[in-house]
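Peer 1:
Number of protein chains: 2
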Amino acid sequence: MDYSTNDSKSTSKNKVVAVVGGGLVGALNACYFAKRGFQVEVFESREDIRQAKIVKGRSINLALSHRGRQALKQVGMEDTIVSKGIPMHSRMIHSLNGTQSPIPYGKKGQYILSVDRANLNKELLSAAETYSTTKLNFAHKLLNWSTETGAMTFLRAAGAKEEIQADLIVGCDGAFSAIRKQFLRQSRFNFSQTYIPHGYLELTMPPINGEFAMKPNYLHIWPRNTFMMIALPNLDKTFTCTLFMPFDEFENVTTGDQVIEFFQKYFPDAIPLIGADALKRDYFHLPAQAMVSVKCSPYHLSDKCVLMGDAAHAVVPFYGQGMNAGFEDCLVFNEIMDQLNEDFSAVLPEYTRVRVPDDHAIADLAMYNYVEMRSHVNSKWFLFRKYVDNFLHMIMPRTVIPLYTMVTFTRTRYHEAVKRWHWQDKQGQKKGIDSNQRDTALF
Amino acid sequence: MDYSTNDSKSTSKNKVVAVVGGGLVGALNACYFAKRGFQVEVFESREDIRQAKIVKGRSINLALSHRGRQALKQVGMEDTIVSKGIPMHSRMIHSLNGTQSPIPYGKKGQYILSVDRANLNKELLSAAETYSTTKLNFAHKLLNWSTETGAMTFLRAAGAKEEIQADLIVGCDGAFSAIRKQFLRQSRFNFSQTYIPHGYLELTMPPINGEFAMKPNYLHIWPRNTFMMIALPNLDKTFTCTLFMPFDEFENVTTGDQVIEFFQKYFPDAIPLIGADALKRDYFHLPAQAMVSVKCSPYHLSDKCVLMGDAAHAVVPFYGQGMNAGFEDCLVFNEIMDQLNEDFSAVLPEYTRVRVPDDHAIADLAMYNYVEMRSHVNSKWFLFRKYVDNFLHMIMPRTVIPLYTMVTFTRTRYHEAVKRWHWQDKQGQKKGIDSNQRDTALF
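As they're listed, the protein sequences go chains A and B. Okay, so the first sequence: first residue is 1 according to the UniProt record's numbering, each after it adds one. Okay, so the second sequence: first residue is 1 according to the UniProt record's numbering, each after it adds one.
(1) Since A/Phe183 meets chain B, which of its residues come closer than 7 Å, beta carbon to beta carbon?
(2) With 8 Å set as the bound, which would you pick, yes or no: does the beta-carbon of B/Tyr195 sit closer than that to a beta-carbon of chain A?
(3) In whole angstroms, give me the CA-to-CA distance for B/Pro233 and A/Gln193.
(4) Assuming the contact rule is C-beta atoms closer than 8 Å, B/Ser95 and B/Ser379 should be a hit. Round their C-beta distance to whole Å, please.
(5) For the alpha helix (DSSP H) that contains B/Ala158, what are its first and last residues?
(6) Is A/Ser132 near the ligand NAP - that is, is its Cβ less than 7 Å away from at least one heavy atom of it?
(7) Check the Cβ-Cβ distances between B/Asn190 and every residue of chain A, and say whether any is below 8 Å.
(8) Quick check on this structure: which residue in B/Ala175, B/Leu273, B/Trp381 has the alpha carbon closest to the alpha carbon of B/Ser101?
(9) Using a cut-off of 9 Å between C-beta atoms, extract the partners of A/Ser65 located in chain B.
(10) Alpha carbon to alpha carbon, how far is A/His66 from A/Gln165?
(11) Where does A/Met373 sit, in a helix, a strand or coil, going by DSSP?
(12) Would B/Gly68 be called buried (16 or more neighbouring beta carbons within 10 Å of its own) or exposed?
(13) Report the start-end ranges of each alpha helix (DSSP H) in the region 34-101 of chain A that is 4 residues or longer and not cut off at the edges.
(14) Please list, in chain order, the chain B residues whose beta carbon lies closer than 9 Å to that of A/Ala290.
(15) How many angstroms separate the CA atom of A/Lys237 from the CA atom of A/Glu211?
(16) Tell me, to the nearest whole angstrom, how far the beta carbon of A/Thr99 is from that of A/Leu301; I am working on the premise that it is less than 8 Å.
(17) Quick one: Cα of B/Ser345 to Cα of B/Ala311, how far?
(18) With distances taken between CB atoms, is the gap from A/Val17 to A/Leu168 smaller than 8 Å?
(19) Under 8 Å, with one C-beta from each stretch per pair, do the region 174-185 of chain B and the region 20-29 of chain B reach the 3-pair mark?
(20) What are the start and end residues of the alpha helix (DSSP H) that includes B/Asp338?
(21) Over what stretch of residues does the beta strand (DSSP E) that includes B/Glu249 continue unbroken?
(22) Can you give the beta carbon distance from B/Ala290 to B/Tyr195, rounded, assuming they're within the 8 Å contact cut?
(23) The alpha helix (DSSP H) that contains B/Gly256, what's its start and end?
(24) Which stretch, first to last residue, makes up the alpha helix (DSSP H) that contains B/Ile169?
(25) For A/Leu307 and A/Val170, what's the separation of their Cα atoms in angstroms?
(26) Measuring only the C-alpha atoms, how far is B/Ile49 from B/Ile103?
(27) Take the Cβ of A/Lys426 as the centre, count every other Cβ of all protein chains shown within 10 Å, and call the residue buried at 16 or more, exposed below.
(28) Look up A/Gln289 in the DSSP assignment and give the residues it is bridged to.
(29) Tell me whether A/His140 is buried or exposed, calling it buried when 16 or more other Cβ atoms sit within 10 Å of its Cβ.
(30) Could you spell out the range, first to last residue, of the beta strand (DSSP E) harbouring B/Ile221?
(31) Hey, would you say A/Glu44 sits closer than 8 Å to A/Asn121, going by beta carbons?
(32) So which of A/Gly106, A/Arg46, A/Ile60 has the shortest CA-CA distance to A/Asn119?
(33) So B/Ala361 and B/His415 are supposed to be a Cβ contact under 8 Å. How far apart are they, rounded?
(34) In three-state terms, what does DSSP make of B/Asn190?
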């Protein structure tokens, strides 16, 4: 190794980037840094999920949309992932009486993709490993690290310790980030974690006679005011159903018979599809999971460390943007690396400056949708919303772009989309549309 | 000890309450629990300030108002503390041209008191010690504690460890609470810390010919948009001046000459009063201090631990309620102890239920005033605000009570005061008063 030039593109080959967390954003980031020629070390506290049995406790499927796809494309992964996703062109609203009504996500040809979290993670880890400069270290639990030197200590399974020295530490270790804990000790670090009163629970709807039990190319939604269920299709022709409900209400359902009674009342059409026996059993498989919204600022610590994905901004799942925002983090960071010639001391503050307002905007939007949902979302509301969107679009076709479209099908910066939305809302008000009919869209 | 009865008033004598933190709220709490007959152990990480030299880094004086006084009264401390405070009946607004204009805090006879933080702390510690059941433990740094058993481990100066077992742990250990760290590890604990872009710096204005350099019975304010200085009188006839300014701006002033230049431009009347030489020197005595707003929920952990004061809700200082809210915490807890017969398993959740909305309301109000101040507060604004208040009060004398009055001179619950304020604002709008003229009041 004798790089006599100062060109950082060459010196990057000597620099070690430690990516903490081998989940979705960590694995994608490994690809990005490896592609630039850095020595990439990924540290994941769990075992390699490619060898592991079923991973429990995290949502099984996710909705991939434009931002996530663009981020995958940059490292040549878009086609591979899209080919294993199931397009969802519309929401399918299930009324209490069993009526199903589709509401398209956008214009013709605009759709989101149901993707399998575990498979996506595996593909990204394998992609990262194709770079000779990348090393994946599993079962490495971060014990300590220095904000000054970048020295890191990991605990191995047998109690042994391992040390490495990193030029840049990229914290992609999720909503309960160990990396972020050091940020909390710094002066003037802003941080919030907000749990919502709802929990969620996943159920499986099996195939019927080898076919999907419901129409596959839809995100199925059962809106029932404070309760809601959604279902996303999987490649194996099952659906994963997710039930959202206040924790208080979960506590009221404690026996199999109560589960059936509850479903009879709110989701009667789902009982035969999930199967009464499976429902009674699987409902109690895991306790209801909590959902947290995390915001913080800054995202960097000197020129040594940067946070991305859930570690920087966990969002509640009511805008379908958690993974997409995390993937776009990698893309935005990559763009700034280009602009500022890989100079970490300039790139990191710029990343904070550019990305914080956008991540905060999507976190707020997701929370806003949660609050909206909690207060008045039923089937009629959903169908009415469609009417309002169409009406606005009809009277101002060139100026009104639905917020959902900007968020889901463009790379308009999140905070710009929100600004524009407020502006559009004002225009709507001038035309006599009251603010209860605001442009929002769940999932 | 043979208490054969189940009366908790008697059994309280066997129970150990560990108060963590011997600052203002911790010391007051010690009095409250001792008065009820509990065995009180106060643990403070620093030395006894009654023996210590000057305590640095915390604001020297504070404004005591109704809520704080009521809390002191309940343990017989009001008169002692009030006798050492200096009444401030009005704000005194200093214009750039040197004009001084008073704005009363309330009606005739309504005033706030400038009190010395160190003296108040000393008095409260000594008051706590008058109870035979209270033990003050200084230089005890909390190492660890169990949320299940109440077992606590403290580190002593020489490296020795000390263990105790508490029935109730009361976390009064300030904005960076060590007790609160355990809460963060619990599921569904909501937490936020927000630093504001302003810092503060304290300066002393000495007496002139043995007398106060300015009129003593006022809180002096120099509002200069994003800069602001205030001054509170002390018993030794000095004033403590506090300069609030964005950190960016602090960084622009690095030499003694620049300090003078800066004061010439914004606070010319203060230069001869502080003294040019002292100003040049003292300005650099300590770096500008950060201000943080902390909110969290719940305030309790099972029946074992509860947070009060800054540990539960640090507020920015722009409503003068930080200490008053902390003292009122003790009073509210005491009221609930009466209502629920000292049953911790009922008292702690009830305290969270009742107190969280109020503490969040005052934290938000203080932040709201900060944002208002930052955007447009100058001398004219202050004087105009007075006009608006008077006008509203004139047209609706029985229904409009200024927000500042409710917060400062009553025990109206903070969140009720805010609700009422919004209502009044709506009434004002109906009478043609626009929302830029909202009822707010700094300090």
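Even for Gly, the Cβ is constructed at its ideal location relative to N, Cα and C.
Peer 2: In short, the structure shows the following:
(1) By one-based count along the first sequence, residue 183 of chain A stands at place 183. In chain order: nothing, as chain B lies at least about 11 Å away.
(2) Residue mapping note: residue 195 of chain B aligns to position 195 of the second sequence, counting from 1. Yes - at least one Cβ of chain A is within 8 Å of the one on B/Tyr195.
(3) Here residue 233 of chain B corresponds to residue number 233 of the second sequence, with the count starting at 1. Here residue 193 of chain A corresponds to residue number 193 of the first sequence, with the count starting at 1. Near 40 Å, if we compare the C-alpha coordinates of A/Gln193 and B/Pro233.
(4) Here residue 95 of chain B corresponds to residue number 95 of the second sequence, with the count starting at 1. Here residue 379 of chain B corresponds to residue number 379 of the second sequence, with the count starting at 1. Indeed, because the Cβ distance is near 4 Å, the residues count as touching under 8 Å.
(5) Within the second sequence, numbered from 1, the residue matching residue 158 of chain B stands at position 158. Premise fails: B/Ala158 is in no alpha helix (DSSP H) and is neither H nor E.
(6) The ligand NAP is absent from the structure shown, which contains no ligands of any kind.
(7) By 1-based counting over the second sequence, the position of residue 190 of chain B is 190. Yes - at least one Cβ of chain A is within 8 Å of the one on B/Asn190.
(8) Position 101 of the second sequence holds residue 101 of chain B. Per the Cα distances, B/Trp381.
(9) On the first sequence, residue 65 of chain A is found 65 positions in, with the first residue counted as 1. Within chain B, no residue comes near A/Ser65; the closest Cβ sits about 29 Å away, beyond 9 Å.
(10) The sequence position of residue 66 of chain A within the first sequence is 66, counting from 1. The sequence position of residue 165 of chain A within the first sequence is 165, counting from 1. A/His66 and A/Gln165: Cα-Cα distance of roughly 36 Å.
(11) Residue mapping note: residue 373 of chain A aligns to position 373 of the first sequence, counting from 1. Helix at A/Met373.
(12) Taking the second sequence and counting its residues from 1, one reaches residue 68 of chain B at position 68. The residue is buried, with at least 16 neighbouring Cβ atoms inside 10 Å.
(13) 66-74, 78-83
(14) As a working mapping, residue 290 of chain A is identified with position 290 in the first sequence. The contacting residues are Ser187, Arg188.
(15) Here the question's residue 237 of chain A lines up with position 237 in the first sequence. Here the question's residue 211 of chain A lines up with position 211 in the first sequence. Near 6 Å, if we compare the C-alpha coordinates of A/Glu211 and A/Lys237.
(16) Numbered from 1 along the first sequence, position 99 holds the residue referred to as residue 99 of chain A. Numbered from 1 along the first sequence, position 301 holds the residue referred to as residue 301 of chain A. Contact doesn't hold; Cβ gap of about 54 Å is too wide.
(17) Counted from its first residue, the second sequence places residue 345 of chain B at position 345. Counted from its first residue, the second sequence places residue 311 of chain B at position 311. If you take the alpha carbons of B/Ser345 and B/Ala311, they lie about 21 Å apart.
(18) Locating residue 17 of chain A in the first sequence gives position 17, counting from the first residue. Locating residue 168 of chain A in the first sequence gives position 168, counting from the first residue. Taking 8 Å as the Cβ cut-off, A/Val17 and A/Leu168 qualify as a contacting pair.
(19) yes
(20) Taking the first residue of the second sequence as 1, we reach residue 338 of chain B at position 338. 322-339 is the span of the alpha helix (DSSP H), which, as asked, contains B/Asp338.
(21) On the second sequence, position 249 is the one that residue 249 of chain B refers to. Segment 247-252 is the alpha helix (DSSP H) holding B/Glu249; no beta strand (DSSP E) there.
(22) Indexing the second sequence from 1 puts residue 290 of chain B at position 290. Indexing the second sequence from 1 puts residue 195 of chain B at position 195. Sure, about 6 Å apart at Cβ, within 8 Å.
(23) As a first step, residue 256 of chain B must be located in the second sequence, where it is residue number 256. Note, B/Gly256: alpha helix (DSSP H), 256-266.
(24) For this step, residue 169 of chain B is matched to residue 169 along the second sequence. Segment 168-171 is the beta strand (DSSP E) holding B/Ile169; no alpha helix (DSSP H) there.
(25) Numbered from 1 along the first sequence, position 307 holds the residue referred to as residue 307 of chain A. Numbered from 1 along the first sequence, position 170 holds the residue referred to as residue 170 of chain A. So the two alpha carbons sit approximately 6 Å from each other.
(26) Walking along the second sequence from the start, residue 49 of chain B turns up at place 49. Walking along the second sequence from the start, residue 103 of chain B turns up at place 103. Computed Cα separation, rounded: 36 Å.
(27) As a working mapping, residue 426 of chain A is identified with position 426 in the first sequence. Exposed, by the Cβ-count rule.
(28) Along the first sequence, read from residue 1 onward, the residue named residue 289 of chain A stands at position 289. According to DSSP, A/Gln289 bridges with A/Tyr200.
(29) The sequence position of residue 140 of chain A within the first sequence is 140, counting from 1. Looking at its Cβ environment, which holds 16 or more other Cβ atoms inside 10 Å, A/His140 is buried.
(30) Sequence index remark: in the second sequence, residue 221 of chain B carries index 221 (1-based). Counting along the chain, the beta strand (DSSP E) containing B/Ile221 begins and ends at 218-224.
(31) Here residue 44 of chain A refers to the residue found at position 44 of the first sequence. Here residue 121 of chain A refers to the residue found at position 121 of the first sequence. In this structure, A/Asn121 does not lie closer than 8 Å to A/Glu44 by Cβ.
(32) Here residue 119 of chain A refers to the residue found at position 119 when the first sequence is read from its first residue. When only C-alpha atoms are compared, the closest one is A/Ile60.
(33) Mapped onto the second sequence, residue 361 of chain B falls at position 361. Mapped onto the second sequence, residue 415 of chain B falls at position 415. The Cβ separation is near 4 Å, so the contact holds.
(34) If you number the second sequence from 1, residue 190 of chain B lands on position 190. B/Asn190: strand per DSSP, three-state reduction.
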